[in-house]
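Numbering (this note's numbering), first residue to last: 104 to 166.
To start, the structure itself, in structure tokens.
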């Protein structure tokens, strides 16, 4: 297969995964990781800031 054929094949595979992903539940360990991160954020809220605030800060730096 040529490079362009391989890239098209990979793209088709990724596209098919996008649609199949909706039927695939997240693994249990994802929930554990999220719970641990939430716990850490509650312990020291100064280390974290809301996503909206982060986005504003980033866009200000790039203007």
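For each residue, glycine too, the CB sits at the ideal point set by N, CA and C.
So the alpha helix (DSSP H) residue 126 belongs to, where does it begin and stop? The sequence position of residue 126 within the chain shown is 23, counting from 1. From DSSP, residue 126 is part of no alpha helix (DSSP H); its letter is neither H nor E.
Identify the continuous alpha helix (DSSP H) that holds residue 162 and give its terminal residues. Walking along the chain shown from the start, residue 162 turns up at place 59. Residue 162 -> alpha helix (DSSP H) spans 154-164.
By Cβ distance, which residues of its chain are closer than 8 angstroms to residue 139, with the 5 residues on each side in sequence left out? Translated into the one-based positions of the chain shown, residue 139 becomes position 36. Within the same chain, and ignoring the five residues on either side of residue 139 in sequence, no residue has its Cβ closer than 8 angstroms to its Cβ.
Given this structure, state the Cα-to-Cα distance separating residue 141 from residue 130, to the nearest angstrom. By 1-based counting over the chain shown, the position of residue 141 is 38. By 1-based counting over the chain shown, the position of residue 130 is 27. Those two C-alpha atoms are separated by around 18 angstroms.
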